[in-house]
Amino acid sequence: MPPTSLEPTLEEILADPIIQLVMRRDNVVADDVRRVIYDAREAHRRRDLLAERRQASPNRLGDHIMGTTRPELTLEEMLADPIVQLVMRRDNILADDVRRVIHEARQAHRIENCC
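Now the structure itself:
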């Protein structure tokens, strides 16, 4: 007899009345949740592949000094993260808005440090 898991499945979670109430309140449908979970798994898999490639070359600038075991995400990787995308969508923030603000901050930093 195979062992049974005590953790509920995604479908059991989505069928829970409290979860359904919260989803209705937030205008979220079950397919949105399924898609986000799929996207998150894919993003995690891509990060793991990226980490493996970076670990193959351990002498990257900053890795040894910082003592990091996982590489820091690039801006584009962070913007592609499904959870970040959900939060940005909820807050009506576009990826281009984030890029523009970061660009402006970099420009201001360059101006402050030029003289």
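For what it's worth, our numbering labels the leading residue of the sequence shown as 102, then goes sequentially.
Quick reminder that beta carbons are idealized off the backbone N, C-alpha and C, glycines included.
Keep in mind the model is a prediction, meaning the values are calculated, not measured.
Asked: Per DSSP, what kind of secondary structure is GLU213 in: helix, strand or coil?; Found: helix
Asked: Using beta-carbon positions only, say whether LEU187 and VAL123 come within less than 8 Å of one another.; Found: no
Asked: Taking ASP198 as the reference, give the member of LEU111, ASP117, LEU180, HIS210 with the closest Cα.; Found: LEU180
Asked: Note down, in chain order, each residue of its chain lying with its Cβ closer than 6 Å to the Cβ of ILE119, except the 5 sequence neighbours on either side.; Found: none
Asked: How many Å lie between ILE114 and ARG147 at the Cα?; Found: 26 Å
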